[in-house]
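What follows is a short report on a single structure.
Chains as they are written, first to last, in this note's numbering: chain U, 985 to 1333; chain B, 985 to 1333; chain S, 985 to 1333.
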């Protein structure tokens, strides 16, 4: 088996760029592509595979007259990650069109890792992707795919079998997917629960200082992102940050932590929304330490129309005493800031 | 020659900023910095503000003998966003040290937006940040801050008042924060609920094709990110993607949507974990359309030791019939793939 | 209040830069900006240089009535990397307009690295860039450039000479470009084919100007990435960019294009490697337009040991007349630069 792998490797290597329906790309793996011990994320590799597939699929489907199109991913076949890849290695992604039906394109993608210092090369992935060309004029229209030439009738026959098999499975999953019931009760519009949101972020090297602790600015950017989603979910319009209350950074967050950033609406005035944001850090690997609250803050958002003029905000529907209490506290902050703003204005005049 | 080079350096240095305690940074705002209608995210601006503060604070605290240090953000005072900023404008961020106590530095940051095409300029933010210098040798050690010179005793006095006020407020919030009880019941380790995770992502321009729909690869990367966090939470070791089952992309996801990616563990074998991942899309602004399931998939992860050899995985603790059923289905997929792998190996030999 | 706000704005504006035609930008270097041993990529620096040039060029060309425009990079003069830069250092990029012809702007950019922990500062780059203002209404239209004031007639005369020299060279390169053919072969270590590399990149919105054309800096960063892979494959050590020969940007690259960046080694001296890099643009969806060569350049790399001292480079193994010819041409460029460097040194002493 080792021999066969090497032969395949050598063969792939030779094929680097030959024909129209083939394409190769290389990229050095950077710290942000990998986890804390240097293993490249599977997701980074999947993204490169798909980009290579999209490029070759789009190019092929535009080699004819008629509507211009972009190849949209319809399906990825089961993909194995044969070897880990590391920071500093070069990933070589080569894509080839292996079958075309009337409305779809099969792309075979191989990924090699190359350690450019030792010269070691490994086949890390073989993936099969199916694309469908969607017209740029009308995205609902699937255009016809120009046929490719096969080296033998057997090759075409094998492709056809793969096509039929995946088509059958896609239809099956579509039905199966329908069955899945989302286990979340749907909250009432304009309630706190309706717009409540949270995100998780794995702290990468580029988020950190020389000590290996998260930059305050990185945390604030994530907090604003969550607050913005809460605000947009509430009023369904274009929203922008109007102000941020004082934020205290009591506890540091280390590289490799997972941070959960959660936001909930606490108060609405006529033209503004206040969102409370919490940041919790979870030092995954040092389990004994446990999750802890690292930062909290209040963000104020406003809603803008097309001329960037403030719009009215739908009032927050409160449920229970807790939410009522938080609303009152938010109102107090709102009035305090308003008074302060007017006082500042007075001073300046 | 050395002399001339030094003179040039000194000259350039003088040009770069007027005084030691001032610094300015400029950057063009790009599509990824803004929302779908072109307003720059508040979070982008907060991040730039903090980077400017960190540079000037770190520089100042290292202008003395003794331990080298990095300035860590301790607090941001209330910040207003006075005007929206747009894609293509240049943000000018200027930072100045305005007060120093024994162990902290106050930095005042101003942000101007400049439309380099029309020449229009606006003051968009004034922010005050407090930094604390942490030793690079021992991150728990706060080093002493060299004092700055004030233009007048009144200026120093005003700074001292701001310092006392924020110190008082920080202590207050610390106590208040302690009260907040995390409303989540803590699940038992190794249960499905314990490692279950989800993230939200606002679809930006760089995530999309020319049609304005999310690239399949972007979705897969986020799915792998969530699956990896689930796996790491379960076994608290270094984990890597081993394989991804076939994924079907039934429904497109449009620019401006919020996507929620959720993962839960379904099955563990001796040396692998299977994680089911769901992608739900929420077209925020087109509310009538509602949230819909866009993609689902199964990811298999393995746990590696320092020599990249597979480790044993703690078995999943099941609760209820649903979890039991999903486990059995996962086991069937696992055995099927194992059989297939052995068969492929046989073919090759 | 409006008056006070304007006064503050004016005051801040004055602080921000000394003159209208000057601009400075600072940024902390992060892990993703650097290679695995912490040396900042030459491409990262080239991208920052170009952003600074684009800001100041666009600002200047819009200080008049008539069409609004964006400054498009037409040419970068030969650039030397005088010192390596490291993760955690701050790069200060200052740009100044030094000459204007009727339709082009010369921008001089200096890059300083500052270690904010030790206080050490170094001049790392001096670059000269030429920009051409393209109308936002009609991208094929080059608008007139408002003249700058010179401190002396000699200064203006020197600028005019630089302008004439680069104009002549641009026309010359335009002709040279047509000849180049990419070759494919099986790799023997230290041969040209062994280290030859290419990458493809799908141009996204954040890569582009307001016109929807790729920023010159984005292209240069990709070129440096490929050149770096070629150099690392050849000598299997830590390598850094030493210089970039003059680059001419003959043809624009549009959003949605795929760009293929290919590099091959042309020449090795005792301690340096010269890599030729080609950029080809493929407007995927406009297939009839066909792929075209957009940019070519020569990068020089050196290999460093752990103390950042230059190492010997394995000599390039040449195959065939073509490679022999390119090697001779590379040698001529190498000797010419060496002579020029010695002459400059002589002048300064």
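Just so it is clear, CB atoms sit at the ideal spot from N, CA and C, and this is done for glycine as well.
Quick caveat: nothing in here was measured; it's all calculated off a predicted structure.
query, result
"Within 9 Å, strictly: CB atoms of residue 1277 of chain B and residue 1259 of chain B", "no"
"Pairwise C-alpha distance: residue 1012 of chain B and residue 1039 of chain S", "8 Å"
"Contacts that residue 1042 of chain B makes with chain S (C-beta to C-beta distance below 8 Å)", "1100, 1101"
"Selected residue, minimal CA-CA separation from residue 1207 of chain B, among U:1031, U:1200, U:1018", "U:1031"
"Residues from the stretch 1124-1144 of chain B in contact with chain U, defined by Cβ distance under 8 Å", "none"
"Rounded straight-line distance, which links the Cα of residue 1203 of chain S to that of residue 1220 of chain B", "41 Å"
"Selection from S:1149, S:1254, S:1281 that minimises the alpha carbon distance to residue 1299 of chain S", "S:1254"
"Interface partners of residue 1243 of chain S on chain U, CB under 9 Å", "None at all; the shortest Cβ gap to chain U is about 11 Å."
"Sufficient close CB pairs (3 or more, under 8 Å) joining the stretch 1227-1245 of chain U to the stretch 1276-1290 of chain U", "yes"
"Own chain residues within Cβ distance below 8 Å of residue 1197 of chain U, not counting five before or after", "1236, 1237, 1238, 1239"
"Neighbour-count burial assignment, residue 1041 of chain S, 16 or more Cβ in a 10 Å radius", "buried"
"Chain U within 9 Å of residue 1058 of chain S, Cβ atoms only", "no"
"Whole-Å CB distance - residue 1175 of chain U paired with residue 1303 of chain U, under 8 Å assumed", "6 Å"
"Residue 1073 of chain U to residue 1085 of chain U span [Cα, whole Å]", "36 Å"
"Residues that residue 1008 of chain U contacts on chain S, provided the C-beta gap is smaller than 9 Å", "1182, 1183, 1184"
"Residues of its chain near residue 1168 of chain S, where Cβ-Cβ distance is below 7 Å and the 5 sequence neighbours each way are ignored", "Reliability of the predicted coordinates at residue 1168 of chain S is poor, the pLDDT of 49 falling under 50, and the value obtained from them is presented with this limitation in mind. Result list for residue 1168 of chain S: empty, nothing under 7 Å."
"The stretch 1040-1055 of chain B / the stretch 1113-1127 of chain B touching (three or more Cβ pairs under 8 Å)", "yes"
"Interface partners of residue 1012 of chain B on chain S, CB under 8 Å", "1035, 1038, 1039"
"Residue 1018 of chain B in three-state terms, based on DSSP", "strand"
"Chain U contact for residue 1074 of chain B (CB, 9 Å cutoff)", "no"
"Endpoints, beta strand (DSSP E) assigned at residue 1091 of chain U", "1089-1098"
"The stretch 1057-1077 of chain S contacting the stretch 1106-1116 of chain S, beta-carbon criterion three pairs below 8 Å", "yes"
"Status (buried if at least 16 other CB within 10 Å, exposed otherwise) for residue 1209 of chain B", "buried"
"Outcome for residue 1326 of chain B when other beta-carbon atoms lying within 10 angstroms are tallied against a minimum of 16", "exposed"
"Chain-ordered chain S contacts of residue 1015 of chain B [CB-CB under 7 Å]", "1189, 1190"
"Through-space distance from residue 1094 of chain U to residue 1252 of chain U, alpha-carbon basis", "53 Å"
"Euclidean distance between Cα positions of residue 1131 of chain U and residue 1263 of chain S", "29 Å"
"Any beta strand (DSSP E) of 3 or more consecutive residues that is wholly inside the stretch 1002-1066 of chain B", "1006-1012, 1053-1060, 1063-1065"
"Residues sharing a beta bridge with residue 1247 of chain B, DSSP", "B:1181, B:1261"
"Buried/exposed call for residue 1087 of chain U, threshold 16 Cβ in 10 Å", "exposed"
"Euclidean distance between Cα positions of residue 1199 of chain B and residue 1189 of chain S", "14 Å"
"Local Cβ density within 10 Å of residue 1057 of chain U, reported as buried at 16 or more and exposed below that", "buried"
"9 Å Cβ cutoff, residue 1046 of chain U in contact with chain S", "yes"
"Same chain, Cβ closer than 7 Å to residue 1166 of chain S, five either side skipped, listed in chain order", "With a pLDDT of 47 at residue 1166 of chain S, under the threshold of 50, the modelled position of this residue cannot be trusted; read the value that follows with caution. Cβ within range, chain order: 1246."
"Straight-line Cα distance separating residue 1098 of chain S from residue 1080 of chain B", "17 Å"
"Chain U within 9 Å of residue 1266 of chain S, Cβ atoms only", "yes"
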